[in-house]
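Chemist: Right, I'll just put the structure down here and ask away after.
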Amino acid sequence: MSKMLRVVSLVLAFGVLPPTMAQKKSSDASVSGIPMEQLKAFAETYWQIKRNYVDQVDDKQLLEGAINGMLKSLDSYSGYLNEEDLQDLQVSSEGFYDGLGVEVVAENKSIRVVSIISNSPAERAGIQKDDIIVAVDHKRVDEEGPELVIDSMRGVAGESVELEILAQGKGEPVIHRLTRETLELKSIAVEEMAEGVWHVSIKMFQRDTGYELEKELLAAARDKPINGMILDLRNNPGGVLKAAVDVVDLMLDSGIIVSTEGRTRESFQKYFANPGDVLEQVPLVVLINENSASASEIVAGALQDHKRGVILGSPSYGKGVVQSIMPLQQNAAIKLTTSRYLTPTGRSIHGKGIQPDIAVSAEDAEKEAEDRVLTTAHRTLVKKLPQSLAKLP
């Protein structure tokens, strides 16, 4: 159904010369289209920093920063990926990582727990959302800074780590000694609602999200009828393109799902649905908001263009470009925007977003707004059911 985008990466090596040597080169020199004058300016800047900056600087930091700056000058989505970035990318696409099962955020010079993975070391220890991490392995946040302490939480399965946690409403922190495990980040949550409507929330598009969704739907259909489905893509930042295509393919019987285009021949691709609709044309409502981006918009745009479902919520983010990962040497890579994508009718949503068919504002407090959007989606869906099934509350 889908085609893999093949990327050919040409690695160009050039020597960085000190100014005295670089000046010996002709100012008009150019090799294979490389702007030598600009490269000379780069070399001069590099050596001025090395010689005159107030503090000693690391070569790797300088050069990685230069590469990243070059990529960031193109757009906000391209960038340089070091070894740690590549590991994070693998976690987000594969769904597995070694850790404690706690998601944290650095804010106000502290570390706050924002979510806990089910059946993880953190959950079994009783750590909860909004707890504050005071220290990790005796590295105190107020002394070392949150970023450094968060980095020390990383590690491999089997290693132990000591967390000092201040729970909400407690006066004194508590010490927890946890052992890292290999954990799975589930991208899908399924819940049955009234009238045989199923609420399917996709947090992000991992490599196997389409397969996991199909498995969940088939299991649900064996026990109870699926009269309708709410596909919740709110706050879904995107993910793997193929996963978005796989999800749409479960809901379409035929036709194009998405196309991509760019400067290279490989960037021109079209992705089509295979015969067979797992949901057998049951009514469908798709929820989006301003944080639904990229792969989420591919799904919403395809279902909207094919009139397969009602899009409900607020306008989506508007990321209509695709990035490719191009490996470099020394466990690094670049993430480069290589194509734009178009919905089945040829729409580019970049900078515009998907406009909902039914606009529901989310201006209230977050949880209340989410409940109201979901309630509206359920009522909208129930109205589409046959009278024998529909029982509006």
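What the sequence shown shows, in mature numbering (1 follows the signal peptide of the UniProt record, and there is no 0), is residues -22 to -1, 1 to 371, in sequence order.
The beta carbon of each residue, even a glycine, is placed where N, CA and C say it ideally should be.
Using a 10 Å radius around the Cβ and a threshold of 16 neighbouring Cβ atoms, would you call P305 buried or exposed?
Modeler: Along the sequence shown, read from residue 1 onward, the residue named residue 305 stands at position 327. Exposed, since its Cβ has fewer than 16 Cβ neighbours within 10 Å.
Chemist: Please report the Cβ distance between L144 and I110, rounded to the nearest whole angstrom; I am assuming they are in contact, meaning their Cβ atoms lie under 8 Å.
Modeler: As a working mapping, residue 144 is identified with position 166 in the sequence shown. As a working mapping, residue 110 is identified with position 132 in the sequence shown. Rounded, the Cβ-Cβ distance is 4 Å, consistent with contact.
Chemist: Exposed or buried, what is Q26 when buried is set at 16 or more other beta-carbons lying within 10 Å of its beta-carbon?
Modeler: Taking the first residue of the sequence shown as 1, we reach residue 26 at position 48. Classification for Q26: exposed.
Chemist: Assign L163 to one of three DSSP states: helix, strand, or coil.
Modeler: Stepping through the sequence shown from its first residue, residue 163 is reached at position 185. Three-state DSSP puts L163 in coil, outside helix and strand.
Chemist: Who are the near neighbours of T358 in its chain, counting only those whose CB is closer than 8 Å to its CB and skipping five residues on each side?
Modeler: Numbered from 1 along the sequence shown, position 380 holds the residue referred to as residue 358. Correct list, in chain order: V263, V288, L290 and I336.
Chemist: Around the Cβ of N309, are there at least 16 other Cβ atoms within 10 angstroms (buried) or fewer (exposed)?
Modeler: Here residue 309 corresponds to residue number 331 of the sequence shown, with the count starting at 1. With fewer than 16 Cβ atoms within 10 Å of its Cβ, N309 is classed as exposed.
Chemist: Classify S138: buried if its beta carbon has 16 or more other beta carbons within 10 angstroms, exposed otherwise.
Modeler: As a working note, residue 138 is residue 160 in the sequence shown. With fewer than 16 other Cβ atoms within 10 Å, it is exposed.
Chemist: In the DSSP assignment, find the unbroken alpha helix (DSSP H) run with G298 in it and report its ends.
Modeler: For the purposes of this step, residue 298 is taken as the residue at position 320 of the sequence shown. Here G298 belongs to no alpha helix (DSSP H), and DSSP marks it neither H nor E.
Chemist: What would DSSP say about S274, mapped onto helix, strand or coil?
Modeler: Counted from its first residue, the sequence shown places residue 274 at position 296. Here S274 sits in helix by DSSP.
Chemist: Can you grab the Cα-Cα spacing for the pair L196 / V256, in whole Å?
Modeler: One-based indexing of the sequence shown puts residue 196 at position 218. One-based indexing of the sequence shown puts residue 256 at position 278. Answer to the nearest angstrom: the Cα atoms are 8 Å apart.
Chemist: Are the beta-carbon atoms of Q146 and D108 separated by less than 7 Å?
Modeler: Within the sequence shown, the letter at position 168 stands for residue 146. Within the sequence shown, the letter at position 130 stands for residue 108. Contact flag set, yes.
Chemist: I166 and I153: beta carbons closer than 7 Å?
Modeler: As a working mapping, residue 166 is identified with position 188 in the sequence shown. As a working mapping, residue 153 is identified with position 175 in the sequence shown. No, they are not a contact pair.
Chemist: Contact defined as beta carbons within less than 8 Å: I believe P334 pairs with S274. What is the distance between those atoms, to the nearest angstrom?
Modeler: Locating residue 334 in the sequence shown gives position 356, where the first residue counts as 1. Locating residue 274 in the sequence shown gives position 296, where the first residue counts as 1. That belief does not hold up - the Cβ atoms of P334 and S274 are roughly 13 Å apart, past 8 Å.
Chemist: Quick check: the Cα distance between E192 and D36, rounded to an integer number of angstroms?
Modeler: The residue you call residue 192 lines up with position 214 of the sequence shown. The residue you call residue 36 lines up with position 58 of the sequence shown. Approximately 49 Å, taken between the alpha carbons.
Chemist: For V218, I'd like the list of residues in its chain whose CB is within less than 8 Å of its CB, leaving aside the five on either flank, ordered along the chain.
Modeler: The residue given as residue 218 occupies position 240 in the sequence shown. So the qualifying residues of the chain are S71, F183, Q184, R185, T187 and A273.
Chemist: Where does K23 sit, in a helix, a strand or coil, going by DSSP?
Modeler: As a working mapping, residue 23 is identified with position 45 in the sequence shown. First, the amino acid is wrong: residue 23 is Thr here, not Lys. It is helical.
Chemist: Looking at the structure shown, is M48 part of a helix, part of a strand, or coil, going by DSSP?
Modeler: Along the sequence shown, one-based indexing puts residue 48 at 70. If DSSP states are grouped into helix, strand and coil, M48 belongs with the helices.
Chemist: State the start and end residues of the unbroken alpha helix (DSSP H) segment that holds L191.
Modeler: As a working note, residue 191 is residue 213 in the sequence shown. Run containing L191: T187 to D201, per the alpha helix (DSSP H) assignment.
Chemist: Should V277 and V226 be called a contact, given that it needs their Cβ atoms to be closer than 7 Å?
Modeler: Here residue 277 corresponds to residue number 299 of the sequence shown, with the count starting at 1. Here residue 226 corresponds to residue number 248 of the sequence shown, with the count starting at 1. Yes. Within cutoff.
Chemist: DSSP state of E81, grouped into three classes?
Modeler: Along the sequence shown, one-based indexing puts residue 81 at 103. Residue state, collapsed to three classes: strand.
Chemist: Relative to the C-alpha of V114, which candidate in T242, I105 and I128 has its C-alpha closest?
Modeler: Taking the first residue of the sequence shown as position 1, residue 114 is located at position 136. Here the closest residue by C-alpha is I128.
Chemist: Taking C-beta to C-beta, are A251 and I266 nearer than 7 Å?
Modeler: Indexing the sequence shown from 1 puts residue 251 at position 273. Indexing the sequence shown from 1 puts residue 266 at position 288. No. Outside cutoff.
Chemist: Let me check one thing: in DSSP terms, what residues is Y75 bridge-paired to?
Modeler: As a working note, residue 75 is residue 97 in the sequence shown. Partner(s): L161.
Chemist: Do you know offhand how far T354's Cα is from E170's?
Modeler: If you number the sequence shown from 1, residue 354 lands on position 376. If you number the sequence shown from 1, residue 170 lands on position 192. Cα to Cα, the separation comes out at about 16 Å.
Chemist: Under a Cβ-count criterion, where at least 16 other Cβ atoms within 10 Å of its own Cβ denotes burial, should I204 be classed as buried or exposed?
Modeler: Walking along the sequence shown from the start, residue 204 turns up at place 226. I204 comes out buried.
Chemist: Quick check on this structure: which residue in G73, L17 and L211 has the alpha carbon closest to the alpha carbon of M48?
Modeler: Taking the sequence shown and counting its residues from 1, the one referred to as residue 48 is at position 70. Nearest option by C-alpha distance: L17.
Chemist: Could you name the residues of the same chain whose beta carbon sits closer than 8 Å to that of residue 441, not counting the 5 residues immediately before and after it, in chain order?
Modeler: Beyond the ends of the chain as shown, which are -22 and 371, falls residue 441; an answer cannot be given.
Chemist: Could you pull out every residue in the same chain whose Cβ sits closer than 8 Å to the Cβ of G233, ignoring the five residues on either side in sequence?
Modeler: Residue numbering aside, residue 233 sits at position 255 when the sequence shown is read from its first letter. Result list for G233: F250, A251, H284 and P322, in chain order.
Chemist: With distances taken from CA atoms, which of A271, T157, L230 and G254 is nearest D210?
Modeler: Taking the first residue of the sequence shown as position 1, residue 210 is located at position 232. Considering only alpha carbons, the answer is A271.
Chemist: On the CB-based measure, 16 or more other CB atoms within 10 Å of its CB, does L52 come out buried or exposed?
Modeler: As a first step, residue 52 must be located in the sequence shown, where it is residue number 74. L52 should be labelled exposed.
Chemist: Straight-line CA distance for N46 to G57?
Modeler: As a working mapping, residue 46 is identified with position 68 in the sequence shown. As a working mapping, residue 57 is identified with position 79 in the sequence shown. For N46 and G57, the distance between alpha carbons rounds to 5 Å.
Chemist: Who are the Cβ neighbours of I208 in its own chain at under 6 Å, not counting the five residues just before and after it?
Modeler: Within the sequence shown, numbered from 1, the residue matching residue 208 stands at position 230. Closer than 6 Å at Cβ, skipping near neighbours: H177, V263 and A355.
Chemist: Need the endpoints of the beta strand (DSSP E) that L265 sits in, please.
Modeler: The residue given as residue 265 occupies position 287 in the sequence shown. Here the beta strand (DSSP E) through L265 covers L262 to I266.
Chemist: Rounding to the nearest angstrom, what Cα-Cα distance links S339 and D349 in this structure?
Modeler: The residue labelled residue 339 in the question sits at position 361 within the sequence shown. The residue labelled residue 349 in the question sits at position 371 within the sequence shown. Rounded to the nearest angstrom, the two C-alpha atoms are 12 Å apart.
Chemist: Would the beta-carbon of G298 fall within 7 Å of that of R318?
Modeler: The sequence position of residue 298 within the sequence shown is 320, counting from 1. The sequence position of residue 318 within the sequence shown is 340, counting from 1. Against a cut-off of 7 Å, the Cβ pair of R318 and G298 comes out as a contact.
Chemist: Along the beta strand (DSSP E) that carries K220, what are the first and last residues, could you check?
Modeler: In the sequence shown, residue 220 corresponds to position 242, counting from 1. Careful: K220 lies outside any beta strand (DSSP E), inside the alpha helix (DSSP H) at L219 to D227.
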